[in-house]
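Some notes on the structure that comes next.
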Amino acid sequence: MALRTLDDFNLKDKNVLIRVDMNVPIHNGQVTDSTRLSRAVPTILEVLEKGGKPILLSHFGRPTRGFDLTMSTQQAATALSNKLKKRVHFASSCIGETAQSAVKTLPVGDVLLLENTRFHQGEKKNDPEFASELAKLGDIFVSDTFSTAHRAHASVEAIAHIMPSCAGRLMEEEISKLENALSTPEKPVMAIVGGAKVSSKLLLLENLIGPMDKIVIGGGMANTFLAAKGYNIGQSLCEHDMQDTARSILDNATKMDCEIILPIDIVVAKEFTANTNFEILPSNSCPNDSIILDAGPETVKLIKKHLNNSKTIIWNGPLGAFEVPPFNKATDEAAKYVAELTQLGKILSVAGGGDTVSALNGSSSADKFTYISTAGGAFLEWLEGKTLPGVSVLIS
Ligand code: AMP
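Here you go:
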């Protein structure tokens with residue numbers, strides 16, 4: 000059972016359909032974080048070097064009713080062209096006459112970017128007919144989108160059944176780096192799980208209790224655990240209906256000898272605005288009219304102590320509402336410390352998830368981690384031990 004790769008194909012004079020992830024954040028027409036574009040570059044350049052014509056497929060955002068200018072992949076074309084240092088042509092549809100004639104007229108050495116696959120209903124339905132329309136555009140399909148591999152969508156899954164297909168270099172790298180780091184991690188192994196809600200990471204928490212020695216729970220989801228312990232959490236984000244679940248996670252963790260580390264102090268404010276007045280309080284003392292927006296300095300010290308005693312760290316989700324300063328502080332400080340220990344060769348660190356990567360970029364720590372996955376949902380599902388449809392279809 001092995002992943003098919005670019006090494007298995009002769010790409011010379013072939014139209015190579017590459018599924019990339021160009022779903023990058025855009026603000027005022029500018030790409031604000033081009034990590035995903037940079038990571039798509041090696042496969043595209045390799046296809047060009049080997050004499051193939053790269054034709055790029057991608058989704059962008061979550062359009063619900065067909066074409067929507069704000070979700071056109073064209074917005075990322077210039078940024079991609081700058082990364083590749085190649086001309087990137089654009090076709091305003093990913094199927095039909097428009098796409099086919101753009102493929103026919105694509106000059107050797109240039110790249111063609113097709114419009115958002117999600118403008119067609121068949122994409123999310125994994126519709127074989129829509130996939131066949133896409134398949135008409137190429138001789139070989141290369142999937143370089145680990146970040147969408149958890150979704151059985153037509154340009155990720157169905158298409159790989161109907162034409163010769165393989166993994167791109169980023170897909171290969173994501174899978175091998177995650178497997179190397181996490182299939183038999185050096186112990187003690189600790190997870191840092193933060194973010195907004197327990198409900199979106201419930202399965203992750205349940206599945207991490209077995210393999211992890213310790214789990215730090217931070218961010219908005221920690222509030223649900225604090226409330227489950229009977230602490231007042233004021234006006235904080237909390238899923239009150241998840242309190243029983245939180246209690247059973249804590250009980251299971253005790254039974255399975257997994258230490259759960261919750262905030263011991265909190266940063267609270269009366270309103271959620273940048274540079275507002277804040278207070279640092281013990282985690283059982285949030286006033287009725289306040290919101291918990293970050294973990295406090297004693298919690299960061301505690302996390303650092305546990306990091307010193309760990310060999311492997313997996314990180315998903317920020318420890319606070321990091322987009323709004325100063326509530327980025329706990330995330331930044333913990334991230335810098337993970338980066339430092341990684342650089343000293345004391346720990347192996349792996350992080351994934353869109354928000355997580357942008358939080359780590361904010362403290363200039365991301366490039367000092369052992370490995371950063373471009374994936375959010377797929378990273379979580381991979382950690383949860385699920386089979387990813389966009390990966391299994393590339394294995395023979
Ligand atoms: P997720 O996508 O689940 O990883 O959640 C990331 C989001 O959680 C970010 O937008 C953070 O601002 C948010 N978040 C983290 N901590 C808090 C908190 N204490 N209160 C409100 N939102 C938070």
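Numbering that gives the first Met the number 0 puts the first residue of the sequence shown at 0, with every later residue one more than the last.
Think of the CB as a built atom: it goes at the ideal place given N, C-alpha and C, for glycine as much as any other residue.
- The region 320 to 336 and the region 199 to 210 do not touch, with fewer than three beta-carbon pairs separated by less than 8 angstroms.
- For residue 4, the secondary structure class from DSSP, reduced to helix, strand or coil, is strand.
- With a threshold of 7 angstroms, the Cβ atom of residue 247 does not count as near ligand 1, since no heavy atom of the ligand is closer than that.
- Remark: fewer than three beta-carbon pairs, one from each stretch, lie closer than 8 angstroms, so the region 34 to 43 and the region 157 to 164 are not flagged as touching.
- A direct Cα-to-Cα measurement between residue 57 and residue 170 gives close to 14 angstroms.
- Within its own chain, the residues whose Cβ lies closer than 7 angstroms to the Cβ of residue 321, once the five positions on either side in sequence are excluded, are 327, 330, 358 and 361, listed in chain order.
- For residue 274, the closest C-alpha among the options 323, 301, 290 and 260 is that of 323.
- Around residue 65, the same chain offers 118 as residues with beta carbons nearer than 7 angstroms, after the five sequence neighbours per side are excluded.
- The alpha-carbon of residue 291 is positioned some 13 angstroms away from that of residue 276.
- In this structure, residue 187 places its C-beta atom within 8 angstroms of the C-beta atom of residue 308.
- If you draw a straight line from the Cα of residue 100 to the Cα of residue 163, it is about 22 angstroms long.
- The C-alpha of residue 239 is placed about 43 angstroms away from the C-alpha of residue 166.
- Counting C-beta atoms within 10 angstroms of its own C-beta, residue 149 has 16 or more neighbours from the protein chains shown and is therefore classed as buried.
- For residue 372, DSSP records a beta bridge to 351.
- Burial state of residue 182 is exposed, judged by a 10 Å Cβ sphere holding fewer than 16 other Cβ atoms.
- If the five residues before and after residue 126 are omitted, its C-beta is found closer than 8 angstroms to the C-beta atoms of 120, 153 and 157, all from its own chain and listed in chain order.
- Between residue 24 and residue 32, the C-beta gap is smaller than 8 angstroms, which places the two residues in contact.
- Note that the region 281 to 290 does not touch the region 243 to 252; fewer than 3 beta-carbon pairs, one per stretch, sit closer than 8 angstroms.
- In the three-state scheme derived from DSSP, where H, G and I count as helix and E and B as strand, residue 26 is classed as strand.
- Between residue 374 and residue 173, the C-beta spacing is below 8 angstroms.
- A straight-line Cα-Cα distance of about 17 angstroms links residue 71 and residue 17.
- Just measuring C-alpha positions, the residue of 210, 296, 299 and 264 sitting nearest residue 255 is 210.
- For residue 11, there is no enclosing beta strand (DSSP E), as DSSP marks it with neither H nor E.
- Ranked by Cα distance from residue 208, the options 194, 190 and 199 are led by 190.
- By the criterion of a C-beta distance shorter than 8 angstroms, residue 46 is surrounded in its chain by 5, 10, 15, 17, 52, 53 and 141, once the five residues flanking it on both sides are discounted.
- Residue 18 carries a strand assignment under DSSP once its states are collapsed to helix, strand and coil.
- Around the CB of residue 262, 16 or more other CB atoms lie within 10 Å, so the residue is classed as buried.
- For residue 206, the enclosing alpha helix (DSSP H) has its first and last residue at 201 to 208.
- Around the beta carbon of residue 28, fewer than 16 other beta carbons sit within 10 angstroms, so the residue counts as exposed.
- A Cβ-Cβ separation of about 19 angstroms leaves residue 298 out of contact with residue 346 under the 8 angstroms criterion.
- With a cut-off of 7 angstroms, the C-beta of residue 66 is classified as distant from ligand 1, since no heavy atom of the ligand falls inside that distance.
- In this structure, ligand 1 has no non-hydrogen atom nearer than 7 angstroms to the beta-carbon of residue 388.
- Nearest Cα to residue 194 within the set 185, 168, 236 and 155: 236.
- Straight across, the Cα-Cα distance linking residue 124 with residue 151 is about 8 angstroms.
- Exposed is the label assigned to residue 300, since fewer than 16 other Cβ atoms lie within 10 Å of its Cβ.
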